[in-house]
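Trainee: Same order as they appear, the protein sequences are chains E and D.
Position in the first sequence (from 1) plus 648 gives the number in my numbering.
Position in the second sequence (from 1) plus 648 gives the number in my numbering.
Could you have a look at this structure, given as structure tokens, before my questions?
There are 2 protein chains.
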Amino acid sequence: MPCGVNKLENEKNNKMDLINIVGTLGGIVSSVTFLPQVIKIWQTKSAKDLSMGTLLFLVLNVSLWLLYGVLTKLYPIIITNSIVLSMVLCMVFFKLTFKK
Amino acid sequence: MPCGVNKLENEKNNKMDLINIVGTLGGIVSSVTFLPQVIKIWQTKSAKDLSMGTLLFLVLNVSLWLLYGVLTKLYPIIITNSIVLSMVLCMVFFKLTFKK
């Protein structure tokens with residue numbers, strides 16, 4: 649194989665590695681994003697400042713991502729968005745429960 | 649081309665169409681998700697119940713998606729996440745400004 653092709657192949661592999669690392673990091677961060685908010689509402693028993701519109705958009709958004717993951721059979725997307733959806737639904741429940 | 653192959657090709661195209669529709673819908677919904685929350689904080693001048701931890705995770709999360717979009721040159725991901733990042737930074741600013 650000519651040296652140039654090998655170098656190109658290496659650069660492509662390095663870029664794929666970086667894309668995979670960024671994707672994996674993104675998945676881990678996504679999963680824990682709403683945990684501090686869920687804990688805060690639970691501790692203060694207050695969700696007055698949270699927008700129900702944004703919460704419902706989040707439900708729709710994460711559900712679409714879950715559907716995308718199922719259609720493309722990408723299991724990291726399925727797992728991440730299942731975790732996020734459960735937390736978002738938790739916030740919707742809190743918003744309806746804690747009226748103060 | 650044998651009929652079976654043609655049918656398989658059609659099914660594959662239909663699935664790709666569905667994946668693209670779900671992806672586009674997801675992008676549109678993502679872009680507007682935090683708009684109601686930004687408007688609500690602006691109107692009430694209160695962000696007490698919002699978790700700074702979740703806001704910072706959102707900044708990290710959306711930045712990673714933006715980086716992913718830049719690395720993969722996927723412009724819908726770049727545009728969507730630029731819009732979302734501007735709204736999330738807006739919420740961080742509000743959280744720091746409106747202390748009540």
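Where a beta carbon is used, it is the ideal one built from N, C-alpha and C, also for glycine.
Bear in mind the structure is a predicted one, so any value in this text is a computation, not a measurement.
Using Cβ-Cβ distances below 8 Å, what residues of the region 669-690 of chain E are close to chain D?
Mentor: So the close ones are 670, 671, 673, 674, 677, 678, 680, 681, 682, 683, 684, 685, 687, 688, 689.
Trainee: Does the Cβ of residue 729 (chain E) have 16 or more other Cβ atoms within 10 Å, making it buried, or fewer, making it exposed?
Mentor: The sequence position of residue 729 (chain E) within the first sequence is 81, counting from 1. By the 10 Å Cβ count, residue 729 (chain E) comes out buried.
Trainee: What do you get for residue 709 (chain D), buried or exposed, if any count of 16 or more other CB atoms within 10 angstroms of its CB means buried?
Mentor: In the second sequence, counting from the first residue as 1, residue 709 (chain D) sits at position 61. When all chains shown are included, residue 709 (chain D) counts as buried.
Trainee: Counting along the chain, where does the alpha helix (DSSP H) carrying residue 688 (chain E) start and finish?
Mentor: Indexing the first sequence from 1 puts residue 688 (chain E) at position 40. It spans 683-692 - the alpha helix (DSSP H) in which residue 688 (chain E) sits, taken as one unbroken run.
Trainee: Give the C-beta separation of residue 705 (chain E) and residue 677 (chain D) to the nearest angstrom, bearing in mind that I take them to be a contact with Cβ-Cβ under 8 Å.
Mentor: Working through the first sequence from its first residue, we reach residue 705 (chain E) at position 57. Working through the second sequence from its first residue, we reach residue 677 (chain D) at position 29. Right, their Cβ atoms sit about 6 Å apart.
Trainee: What distance in whole Å lies between the Cβ atoms of residue 716 (chain E) and residue 671 (chain D), which are believed to be in contact at a cut-off of 8 Å?
Mentor: Taking the first residue of the second sequence as 1, we reach residue 671 (chain D) at position 23. Taking the first residue of the first sequence as 1, we reach residue 716 (chain E) at position 68. Right, the Cβ-Cβ distance comes to about 6 Å (below 8 Å), so this counts as a contact.
Trainee: Answer yes or no: do residue 734 (chain E) and residue 697 (chain D) have a C-beta to C-beta separation smaller than 8 Å?
Mentor: Stepping through the first sequence from its first residue, residue 734 (chain E) is reached at position 86. Stepping through the second sequence from its first residue, residue 697 (chain D) is reached at position 49. Contact flag unset, no.
Trainee: Contact check, residue 719 (chain D) vs residue 669 (chain E) under 8 Å by CB: the rounded distance?
Mentor: Here residue 719 (chain D) is taken as the residue at index 71 of the second sequence, counted from 1. Here residue 669 (chain E) is taken as the residue at index 21 of the first sequence, counted from 1. With 8 Å as the limit, residue 719 (chain D) and residue 669 (chain E) do not qualify as a contact, their Cβ atoms being about 10 Å apart.
Trainee: At 7 Å on the CB atoms, spell out the chain E contacts of residue 699 (chain D), in chain order.
Mentor: To locate residue 699 (chain D), count along the second sequence from 1; it is residue 51. Within 7 Å Cβ-Cβ: 684, 685, 688.
Trainee: Measuring CB to CB, does residue 700 (chain E) end up less than 8 Å from residue 743 (chain E)?
Mentor: In the first sequence, residue 700 (chain E) corresponds to position 52, counting from 1. In the first sequence, residue 743 (chain E) corresponds to position 95, counting from 1. Yes. Within cutoff.
Trainee: Residue 685 (chain E): buried (16+ other C-beta within 10 angstroms of its C-beta) or exposed?
Mentor: Locating residue 685 (chain E) in the first sequence gives position 37, where the first residue counts as 1. The residue in question, residue 685 (chain E), is buried, as its Cβ has 16 or more Cβ neighbours within 10 Å.
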